[in-house]
Structures are given as structure tokens and as C-alpha cells.
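A quick write-up on the structure given underneath.
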Amino acid sequence: MVSHVGSVKRDGPAVIGVDALPALFALLQEQGRTVVGPTARDGAIVLAELESADELPYGWGVDTEAGYYRLRQRDDTAAFGHSAGPQSWKSFLLPARTRMWSADREDGVVRVAEPDERPRYALFGVRPCDLRAIGVLDRVLIGGRHVEADYGARRDGVFVVAVDCTEPGATCFCVSMGGGPGAEAGFDLALTEVVDGGDHRFVARAGTEAGAHVLSLLPRRDSDTETAGRAAAAVDQAATRMGRTMPAMSLRKLMADSRESPQWDDVASRCLTCGNCTMACPTCFCTTTEDVTDLTGDHAERWRVWDSCFALDFTGMHGGQTRTSGQSRYRQWISHKLGTWYDQFGESGCVGCGRCIVWCPVGIDITQEAASLAALLPAASRDHAESQDHAESQDHAESQDHDG
Amino acid sequence: MADTLRLRIAAHPFSAPFPEDQRELLAREARPVEFEPDERIFAEGGAADRFWLIETGRVALDMWVPGRDEQVVETLPEGTVLGWSWLTPPYRWHFGARALEHTTAVMIDAAAVRERSAADPVFGYAVLSRFAPLIIERLQATRLRMLDLHATPQEIAETRARRAISPDSPDSPEPGSAR
Amino acid sequence: MTTSFETGTATPADPMVPRFYQVTSRREETRDTVTLELTAPSDPLGAFAPGQFAMLTVFGVGEAPISVSGLGGAADDDHRHRRPHHADADGLALRLTHTVRGVGAVTRALQAAELGQSIGVRGPFGTGWDVPSAAGHDVVVIAGGIGLAPLRPVVLAALAERRAYGRVVLLFGARSPSDLLYTGELESWRSRGVEVAVTVDRPEPGWRGHVGLVTSLIGPARLTADRAAVFLCGPEVMMKHTADALVASGVPPHRIRMSLERTMHCGAGWCGHCQLGPVLLCRDGPVAGYDEVCDLLRIREL
């Protein structure tokens, strides 16, 4: 559903009132989609299947810090006045447990069953960092030689409603990862929320034909340049209010040059290797498989379940593991995320959402670890890394072209 | 005869890198030898006063282990050197050597080489510079074999379990525990 | 039997879903190693290249990555039938040969597989040896233990296109004489001009062959450094040691290709387990040039 249609007609920004959201929900549901979006539950803004727009977390904000996350009552009714929560959209596109296949054996003959029906989702309220994260997952799972069928099927049917970020959190750093608070591509419909003086409304734009069609069916207000201006200003302003920044250098080179850094000992003395960062990360895609049988032994299933490079048996081969120390497992995670992801998939695996910082039980901060690694680099490689910064973003663009 | 030996010394991978004048010195102490299959070249504990440039054939290094008979620890193929116990006192063979097949070699009088090395440190250094890498290489290969890289996880686990049993334990399988 | 995933339907075949092949031949190589010929009753996978691997499923037990050791079953591995790197004229893997050593739950179940048993197969995955890249060079195959299994198709490919290559040399080291694979074939390769040398770590009574590490066979093989195209597989430490010895003797690192091993759960680049730094071994490997991986292999726990 998401495709970059250059010919979409955009007759200026449309403004819809908050009262149009139920209609938007209804339209998406009429298309046979399950709407997934943010809602306040169990002390957090979680992503869940929503029946109606009423379930959106109106009036809730969040305070985040390293190892810290609290809901906060806002003094307005904003539905998207919060930064990233504990989950990401991968929970729906690459679920924590998925049956890959099931098969039955009869007289020694094995018959594989038809694949399970995959849900058709509308992802409602995808922030630009997460939009980028979905793109990162696309490259890994369906952008290479082999196409992951389950992810592909979920992804194909999806309708994305992006919502620009106007209130970054203290742990956000999307700008220094080359992103930003405004959604640029990868959505069907994008909204910017504007709340002032009790007037709760959205500037809406379509990214695809499908999005344009939906937008055309919504009750719209008259063109309102003032609202559009406020929305744009709020997004621009958000870009300047990132709570964290990554060191301004080639992180890819930093990671490659830091394989034997003393910093690994330091971080390992704090890291519990719990894997929370990998569960919360919107791009961490590692999975393992589990085979199960019923009591007769003639019905077998294979399940794909989330795994974490922090798990001791992650590198288990017959007899032993390759990465046993906490040092090596943290190094693997951050080096892959910020460095070798470029080698493998042509871009960074980090979108700067800050979840790993927030949900680390001991408050390990990826931006601080990167800064510490940079500070420990010999001066020569530091200069070199900085001069490579520009080249890296070009590499990135080029390799995307090649694969596209 | 002497010319043939010079050529053979110049052609052998071990001695080829020596400068010509030093090869000449080696040739003075050399003579050709042949061994029949299973012929013993030297016995463990014997006087180590020579070494061999193996040209064709193959030689087994062995040791007699009580209760296990003769154990081959390594074989030396063509192009290698047999014998380095003459380098250090007490100049006795640490292992025995036996030809496995028809073997031709250039035998060099090690006692003479040793004496010349003492008198001519440049020559002596050249000799040691050739033997040291050989010894290092065989030591490393031996260490890798000790790692038993082909063992299955179960075999490794069994070895670990065996080692975990205290040598003081009455049912220890370690032969040393009786002492 | 059939699977409900037919090729040519609107939905592309899911690489995660195995096709069930049948064991049509089974040969005990050693006490813990077996060679299985798998035949597709229908719906075969695409053709494999030497060096590529399959994910093999034992129903209800699990799955393990196993390199191909033959590309069309015993018959086509014989030079009289067809070129070994083409399993079938249609580019399909009608038959596959895998030599499996029972070291874990899945491989032990494979080792115990019976004639006629259904074995799930996914693939082909990963990079191949690219034997034709050695054209005009001496093909030097160096194997440690079960490492000979993925190299067998290299020897067969070199024999099938004998004139494209110079010398064909096989240096094979195993733990003991009873751990040697393909002993019958080694003789037939020898008779067809392959220079075969075998060594063991631990001799057994009656063994009159070499005793020592596989590297001890390199010198006597009298390789010409700038003519050698090396194909190497065995325990990682053995490969590193061997590659270093070859590089020291003048073989360029990019002329040394080796098959590496890490945990794999998908084979297709999605599960993240098989990373060796920047290298995703199921996709960028298992076969890689020593020039690409030399520095990576030196980093502990990478």
C-alpha cells in the first residue's frame, strides 16, 4: 500500500478537526483493516489494536530519561504529545511469536499447511523515527535476495498514518541520526497535530493515492494557512529540541575502529545483558526458531520468536558460544546498530528514537557510549572519522539507489 | 659425488636458503643415505650426532610407551628435516625415527656442524636461524593438535569431566594419581 | 508427497517453508558421520552451487545448516553423468547430497535418518566456492575433518572441467584414520590425477600414512604460490593457521577461499545470528576470501 507515488495531487495542506478522527478510523475499518495505534495503558503509552479514536491517549504526555519513563497529564488534549513508548511497530509487522509453518505427517508423507491468514493493519500515529525504522526493517526482511513472506504479507497490506513529531523527548536524537521530526516518505497519510485555545486539529497530507483517497472522504475544514504555518513551525522547532545527540562523526568508522576499545569493559560492568534494548528497539530484528510437535509426533510446527544478541545462547553452536562475555555482546549490539548495519544493509540501524536509553534498567545511553568510544579513539582515527562523515551519508544514498 | 651432494643440498627446501659458502660447509659434512621401509634410523635415547635432509620417502617419529607399544607422534615427509636433538645437551634423541617407506636423504654430521658453529658464529647463527622456525612450526602444529579441534562437543565434555575428577580421588582414571 | 507450496503460483515460495525430500541413499562414512542422498519427489528447490548450504529439517526435531557435499546424488557426482555444478538441466535440485556429522540434536537425528524418510530442505543459501574463478590456476583443496564434505563438490567440479585447471591437489587432515571421509573416493580421485595427501592427528594400529597437522602436507605438495587457488574448510583455528602458513609462503589472501561457520536459524539474512562483524555469513558467506575475513577472525568473540 505504501508506495511513493509522485503523481499524487496535493491541493495544499488540508486541515481536519479532531472530530474527523472517528471518521478516519471508520474508513480504515471499512477497508477491512485492524487499526493499531497508541493508547494509555498500564502506566505507559502502548501500541494496541484500537476499536475507536476515543482510545487514543488524549491529554497524555511522557517524561523520559535514561532508565526512566513516566506518564504525565498534559495541560492540553493532544493525542500525540508523547515520544516513543516501550513498543514499536515491529510488534505488529514482525511479531514476537509467529508460526512460520505447520505440517502433518501421514504414512511418512509430510504435508505443509497453507500459511496462516495475515492481518491487514492500519498503523495509526507512526512517528517519523518509527517510519524510518519500518523502512530499515523493509531493507532487512524484504529488500534483499530472499523475501521474508510473513513480514512481506503484513507489510503489503498495511496503511500508514504518520504523525509528525512536535514534542521530542529528553532521550530523542533522530536529528543526529540523519532523520527529523517531520514525516517525509513511507506513509499513506501524514498528520501534524495542532492544539491551541481548545481548537484541536490536524494538518493532513497524503503520501500515496490510497492516502489521498482516504483524505478526500474525510470532513475537511477550509484551507487554513495559519494552522499550516503553526504546524510547520512546531515541527521545525521540534528539530531543535532533541534531548540527545550522537557524536558528529562517521559512527560506522567509529565502531570499526573501536573493536578493541577499553570502553567495552566499562559498559560491561554496568550492562546486565538483559536484552531490553533489543526488545524495545524498533529495528532490532533478530529471531530464533522453535520446533514443536504434538503428542503423536505427526504434527509439527515451526515458530519464529524474537531473540536478542545479548542472550548467551545467541551464538550457540554445537558445544559452545562465540560471544560469552558481556563486553562482546554489548559490542555486537552497538557495533551492529551504528556500524556494520551499513556494511550489511547500506544504512544505519539506529533511527534515534531513544527507546534503548529509556528502557535500559541501568540507564546505559547509546549516545554516551558512542561519545565515550569516540573520546578513546586515537587522535588520528578520530580526525579521519570526522572527515568521513559526509562520505558516509553519500554512500548511504548510493547504496539505496543500487538496491532500489 | 661431492658435486651431486652440493646440488642436492642446494635443492632441498631446508638448506636451499643458506648462502652458497655455507652450503659448501654443510656439504663437507654430508653423505647420501637410503633407508628401507621399516628400517630404524635412530632409537630414542641414542647419541644425537647427525641430522637428515629427507628428499624422498617418509619417516615416523615414535616413542615406546609401556603398555601401548610404539606410538607414532608425527611423520616427516619429503622436503623436511629429521633431527634436532643434537642442538642442545645432552645430545640424545628424544624420540626414535623409523623409515615408513623407501627413503632417501642427505645425512649431515651434526657433531661437526656443532663444532663449526662454535668456532664460526656467523655460520652457527645461520644454522640456528634455519632450525628455529622449523622447531616453532612443529611446536605450533603440536599445540594445535593438543586442542583436538575435530573433537565433538560430547568428546570435549567427556575430557573435561575426566579432568574435573580430582587426582586424589580413589577412582581417578588419571594414571598419575597412583604416585 | 506434495507440499501445498507449488512454484509458479501467484505467491512466491516462502523461503522459510521447507520442501520435503526423501532419503534415497545412505552411507555410513564414520562412526558419527553419514552421507545422505536426498531426492525431491516433487517441487524441487532451485539448483545449489558448490559451497552453498541448505537448512535441513528433521520433522519435529529442528533444523540445521548443512553445506552440500554433492549436487545431484551419487549418480551425477560421477563424472560420467553430468557436470557436477549443474544439478539438473532445468536448474533444479532434484537430488542433493549432504554429509552430516552428528554433533547436536538435529544432526544426530539426520545421522539416524532412514531410507525413505522425509527430510525438509530449504535453500540454496549463501555464497559458493566459485570454482571457475580458479580457472588457469592450480586447484588446492585443504580440508580438516568434516570440512572435506563441502569441498567434495570442488574436487568434482575441477575433475569435470579438468582442462580448465592446472594441478588438482587435495590435502586432508583428520583426527584419526577412522575419522577419514570418502576413503573409497579418495582413491578414485587419486587415480584420476588428483594429488591426494592425507594426514591424521592420532594414528591407529596399522596406519602407515602421515601423522601431523594438515599444514605439514603443504611443504611436500610443493605449491607454486602464484598459481594456487586455495579452497579451505575445517575448524576455524585450523583454517586460520593454514591460511597464515599459505600467506607466509606467498599465496595472495584473496586466492584463499574458506567456508566459515556461525549459528544460523534462517539462512536468508533475517535472523541476525550468523554475523561476523560486517559479514552476514549466511548471505556474504559461508564462503569468503581470506582477504575479507582475516582481520575479523583475529578479533576475539566478534
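Chains as they are written, first to last, in my numbering: chain A, 1 to 404; chain B, 1001 to 1179; chain C, 2001 to 2302. Idealized CB from N, CA, C, for every residue including glycine.
Give me, in chain order, the residues of the same chain whose beta-carbon lies closer than 8 Å to that of residue i; leave out the 5 immediate sequence neighbours on both sides.
i: residue 1045 (chain B); result: 1092, 1093
i: residue 391 (chain A); result: Legend: pLDDT at residue 391 (chain A) = 44, less than 50; position of this residue unreliable, value from coordinates given subsequently. Around residue 391 (chain A): 250.
i: residue 34 (chain A); result: 49, 119, 120, 121, 122
i: residue 2117 (chain C); result: 2022, 2023
i: residue 101 (chain A); result: 112, 113, 115, 301, 302
i: residue 237 (chain A); result: 166
i: residue 20 (chain A); result: 202, 218, 219, 220
i: residue 1098 (chain B); result: 1038, 1039, 1040, 1041, 1059, 1060, 1062
i: residue 2204 (chain C); result: 2176, 2177, 2178
Using a Cβ-Cβ cut-off of 6 Å (strictly less than) and excluding sequence neighbours within five positions of residue i, which residues of its own chain qualify?
i: residue 65 (chain A); result: 170
i: residue 2247 (chain C); result: 2253
i: residue 139 (chain A); result: 345
i: residue 1120 (chain B); result: none
i: residue 1030 (chain B); result: 1005, 1106, 1108
i: residue 2297 (chain C); result: 2240
i: residue 337 (chain A); result: 349, 350
i: residue 406 (chain A); result: Because chain A is modelled from 1 through 404, residue 406 (chain A) falls outside the range shown and cannot be assessed.
Under 7 Å Cβ to Cβ from residue i, same chain only, skipping five residues before and after it: list those, please.
i: residue 183 (chain A); result: 128, 131, 162, 164, 190
i: residue 1131 (chain B); result: 1084, 1087
i: residue 1126 (chain B); result: 1018, 1022
i: residue 2107 (chain C); result: 2064, 2100, 2101
i: residue 28 (chain A); result: 35, 122, 159
i: residue 256 (chain A); result: 339
Taking Cβ positions, are residue i and residue j nearer each other than 8 Å?
i: residue 2198 (chain C); j: residue 2172 (chain C); result: yes
i: residue 194 (chain A); j: residue 202 (chain A); result: yes
i: residue 145 (chain A); j: residue 2283 (chain C); result: yes
i: residue 2238 (chain C); j: residue 2290 (chain C); result: no
i: residue 1075 (chain B); j: residue 1053 (chain B); result: no
i: residue 1149 (chain B); j: residue 2286 (chain C); result: no
i: residue 2069 (chain C); j: residue 2153 (chain C); result: yes
i: residue 2056 (chain C); j: residue 2146 (chain C); result: no
i: residue 2263 (chain C); j: residue 317 (chain A); result: yes
i: residue 1144 (chain B); j: residue 2213 (chain C); result: yes
i: residue 2168 (chain C); j: residue 2038 (chain C); result: no
i: residue 244 (chain A); j: residue 367 (chain A); result: yes
Quick check on residue i: does DSSP put it in helix, strand or coil?
i: residue 444 (chain A); result: Absent from the structure is residue 444 (chain A), since the part of chain A shown begins at 1 and ends at 404.
i: residue 2103 (chain C); result: coil
i: residue 1086 (chain B); result: helix
i: residue 94 (chain A); result: coil
i: residue 2238 (chain C); result: helix
i: residue 333 (chain A); result: helix
i: residue 213 (chain A); result: helix
i: residue 2194 (chain C); result: coil
i: residue 1146 (chain B); result: helix
i: residue 2073 (chain C); result: With a pLDDT of 44 at residue 2073 (chain C), under the threshold of 50, the modelled position of this residue cannot be trusted; read the value that follows with caution. Of the three classes helix, strand and coil, the one that applies to residue 2073 (chain C) here is helix, per DSSP.
i: residue 2025 (chain C); result: strand
i: residue 70 (chain A); result: strand
i: residue 151 (chain A); result: helix
i: residue 2210 (chain C); result: strand
Could you check how far apart the C-beta atoms of residue i and residue j are, in whole angstroms? I think they sit under 8 Å.
i: residue 283 (chain A); j: residue 351 (chain A); result: 7 Å
i: residue 1013 (chain B); j: residue 2219 (chain C); result: 6 Å
i: residue 181 (chain A); j: residue 233 (chain A); result: Contact flag wrong, Cβ pair sits at about 12 Å.
i: residue 135 (chain A); j: residue 38 (chain A); result: Contact doesn't hold; Cβ gap of about 20 Å is too wide.
i: residue 2215 (chain C); j: residue 1141 (chain B); result: 6 Å
i: residue 14 (chain A); j: residue 215 (chain A); result: 6 Å
i: residue 1082 (chain B); j: residue 1051 (chain B); result: 6 Å
For residue i, list the residues DSSP reports as bridge partners.
i: residue 162 (chain A); result: A:126, A:190
i: residue 2233 (chain C); result: C:2143
i: residue 1061 (chain B); result: B:1074, B:1097
i: residue 2067 (chain C); result: C:2053
i: residue 101 (chain A); result: A:302
i: residue 2046 (chain C); result: C:2092
i: residue 1107 (chain B); result: B:1031, B:1052
i: residue 1091 (chain B); result: DSSP lists no partner for residue 1091 (chain B).
i: residue 1006 (chain B); result: The partner list for residue 1006 (chain B) (beta bridge, DSSP) is empty, contrary to what the question assumes.
| said: Please list, in chain order, the residues of the segment 308-329 of chain A that have any C-beta partner in chain D closer than 9 Å. | reply: Here the protein chains are A, B and C, and chain D is not one of them.
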